[in-house]
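Colleague: For what it's worth, my numbering labels the leading residue of the sequence shown as 813, then goes sequentially. Virtual Cβ for every residue (Gly too), placed ideally from N, Cα, C.
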Amino acid sequence: MNEMKRVIKTSLTAVILLVLISTSASAQIIFGQPPSARAEVIYQSWKITDSAGVESTLSQWVVPVSAYVPLADNWEMMLSSSTAGTSLDDPGGPNNSLSGLNDTRIVVYRSLMDDRLMLGAGLNLPTGRKALDEDEIGVANLLTESFLNMPIRNYGEGFGVNLELGYAEKFDIYTLGAGAGYTYKGSYEPLNGADDYKPGDQFRLGAFGAVERGAVNARLSMRLNMYATDQLDGEDVFKDGSMFEINFRLGYVLEKSVSHAGIRYLMRGKHDRLILGDLQTEPEKTHGNELLFYGRSAFRMTGVLTLFALVEYTNVASNGYEEDHERFFGSSNYFGIGAGGSALLTDIFSTYGEFKYLTGAANDDLLDLNGYEIAVGVRAVF
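Dropping the structure here:
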């Protein structure tokens, strides 16, 4: 357990202060749809067992809510927020918990040129938990680990402004698009009594290509995220490495079923951190590159009931440090399988539920992972 703690706690607290305000960067939004709202309850729990057989449990519940509001012709607004609670049951150390609201995000989109050009502007409102107590740092650090796919990894950050631009064009059965985004991130207090911390602003570039022929469709997309330098009380202290992500998805649509499978590869760059008073690039990556395979099939049983099944496999490579280095973390992987269903309750309301079983290993099999996730939700279309 001490070895597990040592590896986990070497993750920089600064990493938990960085959140990606994601963008589709594809100019494909949902103009012309009626107003809708969605609420979920998600519960995920992991049991982490070290080589000595000592078990720790990390659990999290999340209640995300979102809404889509058409404002006028070619104008739409999206709102989202959530609340969450996380607890760590560690027999070798203190049992900690972390709970509270998350930030609220509001984005307004404008469509031009027959929906080929999309402009977006949004705000990140700092309604979430930001200043943490000392006894909450262990839980926050554990949430950042790349081998744990927790629903919420960050409870809140400072005020932010998000700008997006995207363009898409259709050529017969083909669609091509590209986009860019910029997020300004304001400063906030990460720990009670600490100096203000300002995460580096984020820049995004993306492109995609899609094809649809009969029942078959495919999509290839790429995205590059780049970051400015983080500052603590005005001093440069950290710079997140660039990330390049590539996704390929293949789908098949029949009269009563929809299936798709895909692969995602995420390449992480090296961070810069403050070393002996200077901002220097790390010798190796904090986390290794990540590979995800996934598949999902949905079957419409009746006019109101749909059942689905899913499978996924995630592999995170070693971070590249030598095994005797204090920051070394070996490769990790987990396999997930699940099933669920959705049902139309009325003309307005629908509901769904899903269960997923997760199992795997982390740090070159030194840590055994077993977990599960339960999600239920309701959606209203007005």
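Comparing C-alpha positions only, which one of L929, K1082, N1037, R1035 sits nearest to T1093?
Modeller: Looking up residue 1093 in the sequence shown gives position 281. Considering only alpha carbons, the answer is K1082.
Colleague: Which same chain residues end up closer than 6 Å to G1021 when comparing Cβ atoms and leaving out the 5 residues on each side of it in sequence?
Modeller: Residue mapping note: residue 1021 aligns to position 209 of the sequence shown, counting from 1. Same-chain partners within the cutoff: L988, L1032.
Colleague: Would you grab the beta carbon distance between L1178 and S863 for me? Rounded to a whole angstrom, and I think it's under 8 Å.
Modeller: Position 366 of the sequence shown, counted from the first residue, corresponds to residue 1178. Position 51 of the sequence shown, counted from the first residue, corresponds to residue 863. Indeed they touch by this definition, with Cβ atoms about 5 Å apart.
Colleague: Are V920 and G932 touching if we call contact CB-CB under 8 Å?
Modeller: Here residue 920 corresponds to residue number 108 of the sequence shown, with the count starting at 1. Here residue 932 corresponds to residue number 120 of the sequence shown, with the count starting at 1. It is a contact, given that the beta carbons lie within the stated cut-off.
Colleague: Excluding the 5 residues flanking N1175 on each side, which residues of the same chain have their C-beta closer than 7 Å to its C-beta?
Modeller: Taking the first residue of the sequence shown as 1, we reach residue 1175 at position 363. Only V819, F1141, G1142, S1144 meet the Cβ criterion.
Colleague: Does DSSP put V877 in a helix, a strand or coil?
Modeller: Start at 1 with the first residue of the sequence shown, and residue 877 comes out as number 65. Reduced to three states, the DSSP call for V877 is strand.
Colleague: V1028 and Y986 look like a contact to me (Cβ under 8 Å); what is the Cβ gap, rounded to whole Å?
Modeller: Residue numbering aside, residue 1028 sits at position 216 when the sequence shown is read from its first letter. Residue numbering aside, residue 986 sits at position 174 when the sequence shown is read from its first letter. That pair is no contact at about 13 Å.
Colleague: Enumerate, from N- to C-terminal direction, the unbroken beta strand (DSSP E) stretches of 3 or more residues contained entirely within the segment 1107 to 1192.
Modeller: 1117 to 1128, 1144 to 1156, 1161 to 1174
Colleague: Measure the beta-carbon distance from V877 to A851 and round it to whole angstroms, keeping in mind my assumption that it falls under 8 Å.
Modeller: Here residue 877 refers to the residue found at position 65 when the sequence shown is read from its first residue. Here residue 851 refers to the residue found at position 39 when the sequence shown is read from its first residue. That pair is a contact at about 5 Å.
Colleague: From the DSSP secondary-structure annotation, give me the bridge partner or partners of D1048.
Modeller: Counting from 1 along the sequence shown, the entry for residue 1048 is found at position 236. Q1043.
Colleague: S848 to S899, Cα distance in whole Å?
Modeller: Locating residue 848 in the sequence shown gives position 36, where the first residue counts as 1. Locating residue 899 in the sequence shown gives position 87, where the first residue counts as 1. So the alpha carbons of these two residues sit roughly 32 Å apart.
Colleague: What residues in its chain sit with their C-beta under 6 Å from that of T1126, if we drop five residues either side in the sequence?
Modeller: In the sequence shown, residue 1126 corresponds to position 314, counting from 1. If you ignore the 5 residues before and after T1126, its C-beta comes within less than 6 Å of the C-beta of L1104, Y1146, all in its own chain and listed in chain order.
Colleague: So for L1066, helix, strand or coil by DSSP?
Modeller: In the sequence shown, counting from the first residue as 1, residue 1066 sits at position 254. Reduced to three states, the DSSP call for L1066 is coil.
Colleague: Give me the Cβ distance between L935 and I918, rounded to the nearest whole Å; I'm assuming they're in contact under 8 Å.
Modeller: Residue mapping note: residue 935 aligns to position 123 of the sequence shown, counting from 1. Residue mapping note: residue 918 aligns to position 106 of the sequence shown, counting from 1. The Cβ separation is near 5 Å, so the contact holds.
Colleague: Helix, strand or coil, according to DSSP, for L870 in the structure here?
Modeller: Reading the sequence shown from its first residue, position 58 is the one you call residue 870. L870 falls in the strand class under three-state DSSP.
Colleague: Under a Cβ-count criterion, where at least 16 other Cβ atoms within 10 Å of its own Cβ denotes burial, should P960 be classed as buried or exposed?
Modeller: Translated into the one-based positions of the sequence shown, residue 960 becomes position 148. With the sequence shown as reference, residue 960 is identified as Leu, and Pro is not the correct amino acid for it. Buried: at least 16 other Cβ atoms inside 10 Å.
Colleague: Buried or exposed: G784, going by 16 or more other Cβ atoms within 10 Å of its Cβ?
Modeller: Here the chain covers residues 813 to 1194 and nothing more, so residue 784 does not appear.
Colleague: Express the C-alpha separation of M1038 and Y1000 in angstroms, rounding to a whole number.
Modeller: For the purposes of this step, residue 1000 is identified with residue 188 of the sequence shown, where counting begins at 1. For the purposes of this step, residue 1038 is identified with residue 226 of the sequence shown, where counting begins at 1. Inter-residue distance for Y1000 and M1038 is about 21 Å (C-alpha atoms, whole angstroms).
Colleague: Taking the straight line between their C-alpha atoms, what separation do you get for R1016 and Y979?
Modeller: As a working mapping, residue 1016 is identified with position 204 in the sequence shown. As a working mapping, residue 979 is identified with position 167 in the sequence shown. Between R1016 and Y979, the C-alpha separation is close to 14 Å.
Colleague: Could you tell me the boundaries of the beta strand (DSSP E) in which I854 lies?
Modeller: Mapped onto the sequence shown, residue 854 falls at position 42. That run of the beta strand (DSSP E) goes 848 to 861.
Colleague: Throw me the rounded Cβ distance for the Y1009 and L1044 pair, which I believe falls under 8 Å.
Modeller: Numbered from 1 along the sequence shown, position 197 holds the residue referred to as residue 1009. Numbered from 1 along the sequence shown, position 232 holds the residue referred to as residue 1044. At roughly 5 Å, the Cβ-Cβ gap stays under 8 Å, so Y1009 and L1044 are in contact.
Colleague: Using 8 Å for Cβ pairs, my map puts G1150 next to K1168. What's the rounded Cβ distance?
Modeller: The residue you call residue 1150 lines up with position 338 of the sequence shown. The residue you call residue 1168 lines up with position 356 of the sequence shown. That pair is a contact at about 3 Å.
Colleague: To the nearest angstrom, how far is it from the Cα of S893 to the Cα of N974?
Modeller: As a working mapping, residue 893 is identified with position 81 in the sequence shown. As a working mapping, residue 974 is identified with position 162 in the sequence shown. Straight-line Cα distance between these residues: approximately 16 Å.
Colleague: At the level of alpha carbons, what is the spacing between G1183 and D926?
Modeller: Here residue 1183 refers to the residue found at position 371 of the sequence shown. Here residue 926 refers to the residue found at position 114 of the sequence shown. Roughly 46 Å separates the two Cα atoms.
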